[in-house]
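Quick note: the sequence shown uses the working numbering, first residue 17, plus one each step. Quick reminder that beta carbons are idealized off the backbone N, C-alpha and C, glycines included. The model shown is predicted, which means the values in this text are computed figures rather than measured ones.
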Amino acid sequence: SLVLPPPARQALAQAALTYRYGDEHQPVTTADILTPRRREDYGKDLWSAYQTIQENMLKGGISGRSAKGKRIHTRAIHSIDTDIKLNRALWVMAETLLESMR
Numbered sequence: 017s018l019v020l021p022p023p024a025r026q027a028l029a030q031a032a033l034t035y036r037y038g039d040e041h042q043p044v045t046t047a048d049i050l051t052p053r054r055r056e057d058y059g060k061d062l063w064s065a066y067q068t069i070q071e072n073m074l075k076g077g078i079s080g081r082s083a084k085g086k087r088i089h090t091r092a093i094h095s096i097d098t099d100i101k102l103n104r105a106l107w108v109m110a111e112t113l114l115e116s117m118r
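Right, dumping it as structure tokens:
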């Protein structure tokens with residue numbers, strides 16, 4: 017499995033945040049969505065980063081700030097269509113990163 021340097025992990029997380037929230041305001045940081053929820057995801061490889069980002073984006077519940085500065089928690093994704101679109105986008109981002117690292 018491919019070990020990702022921190023800048024590559026940050027780039028993957030930033031791409032996921034931009035896909036989900038757009039360029040204007042992102043309620044959480046890349047560090048927030050790269051924080052694993054499970055012990056198994058404490059790896060430095062592409063798969064661990066992908067799993068962690070995917071789980072955090074889908075489950076929500078991450079503390080952040082609204083555009084007005086209020087404390088909020090990100091929402092979970094309940095729509096199957098949005099879930100599929102996010103998963104497909106994450107997969108394409110991961111594949112692109114993998115190809116560029118080879």
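8 Å contact criterion, which residue i and residue j should meet: CB distance rounded
{"i": "Q67", "j": "T46", "result": "In fact, because the Cβ distance is near 16 Å, the residues do not count as touching under 8 Å."}
Bridge-paired residues (DSSP) for residue i
{"i": "S79", "result": "H89"}
{"i": "D48", "result": "DSSP output for D48 lists no bridge partner at all."}
{"i": "V19", "result": "D61"}
Residue i versus residue j - alpha carbon distance
{"i": "I100", "j": "L113", "result": "20 Å"}
{"i": "A110", "j": "K84", "result": "32 Å"}
{"i": "S95", "j": "R118", "result": "35 Å"}
{"i": "L18", "j": "D61", "result": "5 Å"}
{"i": "W107", "j": "I49", "result": "16 Å"}
{"i": "R87", "j": "G38", "result": "19 Å"}
{"i": "T90", "j": "Q70", "result": "13 Å"}
Where residue i falls, given that 16 or more other Cβ within 10 Å makes a residue buried
{"i": "A92", "result": "exposed"}
{"i": "D57", "result": "buried"}
{"i": "R54", "result": "exposed"}
{"i": "T34", "result": "exposed"}
{"i": "R104", "result": "exposed"}
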